[in-house]
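The block underneath contains the structure these notes are about, expressed in structure tokens.
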Amino acid sequence: MEYAPILVLVISFICLLAIGTPVAWSIAISSLLTLLVSIPVLPAATTVSQRIGTGLDSFALLAIPLFILSGELMNKGGIAHRLIAFAKTLVGALPGGLALINIISAMLMGAIAGSAMAAASAMGSILGPEMEKEGYSREFGAAVNITAATTGLIIPPSNVLIVYSLASGGASIAALFLAGYIPGILTGLFLMIVASFWAKKKGYKVGKRSTLKAVLKTFVDALPSLFMLVVVIGGIVTGIFTATEASAIAVLYSFVLGMIYREITLPIMPRILLDSAGTTAIVMLLIGASMSMSWALSYENIPQEISTGLLALSDNPIVILLIINLLLLFVGIFMDMTPAVLIFTPIFLPVVTALGLDPVHFGIIMVLNLCIGLCTPPVGSVLFVGVGIAKTSIEKVVKPLLPLFIAMIIALFLVTYFPELSLWLPRQFGF
Numbered sequence: 002m003e004y005a006p007i008l009v010l011v012i013s014f015i016c017l018l019a020i021g022t023p024v025a026w027s028i029a030i031s032s033l034l035t036l037l038v039s040i041p042v043l044p045a046a047t048t049v050s051q052r053i054g055t056g057l058d059s060f061a062l063l064a065i066p067l068f069i070l071s072g073e074l075m076n077k078g079g080i081a082h083r084l085i086a087f088a089k090t091l092v093g094a095l096p097g098g099l100a101l102i103n104i105i106s107a108m109l110m111g112a113i114a115g116s117a118m119a120a121a122s123a124m125g126s127i128l129g130p131e132m133e134k135e136g137y138s139r140e141f142g143a144a145v146n147i148t149a150a151t152t153g154l155i156i157p158p159s160n161v162l163i164v165y166s167l168a169s170g171g172a173s174i175a176a177l178f179l180a181g182y183i184p185g186i187l188t189g190l191f192l193m194i195v196a197s198f199w200a201k202k203k204g205y206k207v208g209k210r211s212t213l214k215a216v217l218k219t220f221v222d223a224l225p226s227l228f229m230l231v232v233v234i235g236g237i238v239t240g241i242f243t244a245t246e247a248s249a250i251a252v253l254y255s256f257v258l259g260m261i262y263r264e265i266t267l268p269i270m271p272r273i274l275l276d277s278a279g280t281t282a283i284v285m286l287l288i289g290a291s292m293s294m295s296w297a298l299s300y301e302n303i304p305q306e307i308s309t310g311l312l313a314l315s316d317n318p319i320v321i322l323l324i325i326n327l328l329l330l331f332v333g334i335f336m337d338m339t340p341a342v343l344i345f346t347p348i349f350l351p352v353v354t355a356l357g358l359d360p361v362h363f364g365i366i367m368v369l370n371l372c373i374g375l376c377t378p379p380v381g382s383v384l385f386v387g388v389g390i391a392k393t394s395i396e397k398v399v400k401p402l403l404p405l406f407i408a409m410i411i412a413l414f415l416v417t418y419f420p421e422l423s424l425w426l427p428r429q430f431g432f
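Residue numbering for the sequence shown follows this note's numbering, starting at 2 and increasing by one per position.
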């Protein structure tokens, strides 16, 4: 095994991150330095730049900017308020009612918008002050919001599952979307159990029980927002349109809904378009840079060497999956989710498929695992959004975060070792 390319890649990437280089540039530069081990400067630089460009030349990737735009439209279109009102009537009277409302609302918002950042921003700004007013600690509210927001990356539509489909060489997006429902809901339920116990232990207030009339009223108000899930996912699963076409329909639907709610007006549209364009630029640069690193890894035969090494350790799927999960949990601490999926899917997927694992099942394992990384420093984007909105510090949020982390890790291991949690629903629809 040739160790020089691996050492150059790992050391250069860590050093670049340590001096504050943006993640996308750290990936691209470390890819270039890795190629310089084997080829001259000009071909290496040309190859990296070409791979960044050609890596974005994909019809499937067009869904990402459109889903980002639909998420921005939903965030500004009054959908969050209606989802929170509906969740409040369902669980407001249970122990830790406001925390449970946060989790359910984040699951619904994340599923509709497909963005953990949008869910964390919306729920934190709306529910955070209300939780504090009811006696909840600011840090507990932030911890609940941060972890709950990530469930929307498992529950479809999810941009990260589209990226995994591309990195895996063609795993069905429809199958991945269907596979995400049960693991996403399971993770949300574990978070709710922990939040409820924590709230009961701390003696937080319990809300009033809602009447059936109130539940029905808030459900009707939220129904147009929830119906978008039926339109988008239903259209993809039944083959009426592709995931990319579904993203365009999501933009149109969320725009019309926001206009009907009178929350979106023409004067605020330029700001919505600019915000979504900024987010898209960041995501696409990460994808392009990650594609260059994936190519550099393949050129140096690093995935094959790692696959051989892992299979030499053991041929027991339980052991290999445990090692991969631990490695991904470590990777998630230092790397954002999108580049991690693009870089590590080609490395680990051949290993797990050699052991008989379904690529769709592994995609859910990988995304659920990396969701935990979004809640951890130093690059946990959702962590920084949640802490910033709550106006607190990471140090203070760590204590209430720990039991919620444990809940997410338990959900991860259940999904890892019980494949039917991911595969049952796709099989019911013939995938």
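Even glycine gets a Cβ: it sits at the ideal position worked out from N, Cα and C.
Would you identify the three-state DSSP class for residue i, choosing helix, strand or coil?
i    : result
L358 : coil
N302 : coil
N317 : coil
G78  : coil
L8   : helix
K134 : helix
P420 : coil
I40  : coil
D276 : helix
A172 : coil
I20  : coil
G129 : helix
S394 : coil
T48  : helix
G431 : coil
R83  : helix
G97  : coil
M367 : helix
M338 : helix
I155 : coil
L375 : coil
K400 : helix
T266 : coil
Which value, in whole angstroms, describes the spacing of the CA atoms of residue i and residue j?
i    : j    : result
T219 : I80  : 12 Å
K176 : Y182 : The identity of residue 176 in the sequence shown is Ala, whereas the question assumes Lys. Taking the straight line joining both Cα atoms gives about 11 Å.
L298 : L426 : 34 Å
T48  : A391 : 44 Å
S169 : K203 : 45 Å
S71  : I303 : 38 Å
L422 : V361 : 11 Å
L8   : L37  : 13 Å
E396 : S138 : 14 Å
L312 : Q305 : 11 Å
S293 : M336 : 16 Å
R83  : A223 : 5 Å
V442 : A86  : For residue 442 there is no data in the structure shown, the boundaries of the chain being 2 and 432.
P401 : T393 : 13 Å
A149 : A45  : 42 Å
I407 : S248 : 34 Å
G136 : S255 : 35 Å
M270 : I69  : 14 Å
A88  : I127 : 13 Å
T331 : L187 : For the sequence presented, residue 331 should be read as Phe rather than Thr. Whole-angstrom Cα-Cα distance: 23 Å.
L74  : P351 : 39 Å
N326 : I411 : 12 Å
F60  : L167 : 10 Å
Grab the span of the alpha helix (DSSP H) containing residue i for me, first residue to last.
i    : result
I183 : 182–203
D58  : Careful: D58 lies outside any alpha helix (DSSP H) and carries neither H nor E.
G387 : 382–391
A446 : Any property of residue 446 remains undetermined from this structure, which presents the chain solely from 2 to 432.
F141 : 139–150
F228 : 213–238
T35  : 24–36
A168 : 160–168
Closest by CA to residue i, which one among the options?
i    : options               : result
P184 : S226, A25, V252, M409 : M409
V284 : V24, I407, S197, Y300 : V24
L63  : V252, G381, D359      : V252
P6   : D337, L34, A45, I30   : L34
T417 : D58, L369, F432, T393 : L369
G364 : A282, V388, M338      : M338
L67  : G78, A278, I186, Y4   : A278
W26  : R263, K77, G289       : G289
K209 : S226, T90, I155, L192 : T90
P158 : M229, G98, M193       : M229
D58  : V164, I12, P130, M108 : V164
G125 : A61, N103, M108, K134 : N103
M132 : S31, L101, A120       : L101
Between residue i and the ligand SAH, is the CB less than 7 Å from at least one heavy atom?
i    : result
L109 : Within the structure as shown, the ligand SAH is missing, as the structure has no ligands at all.
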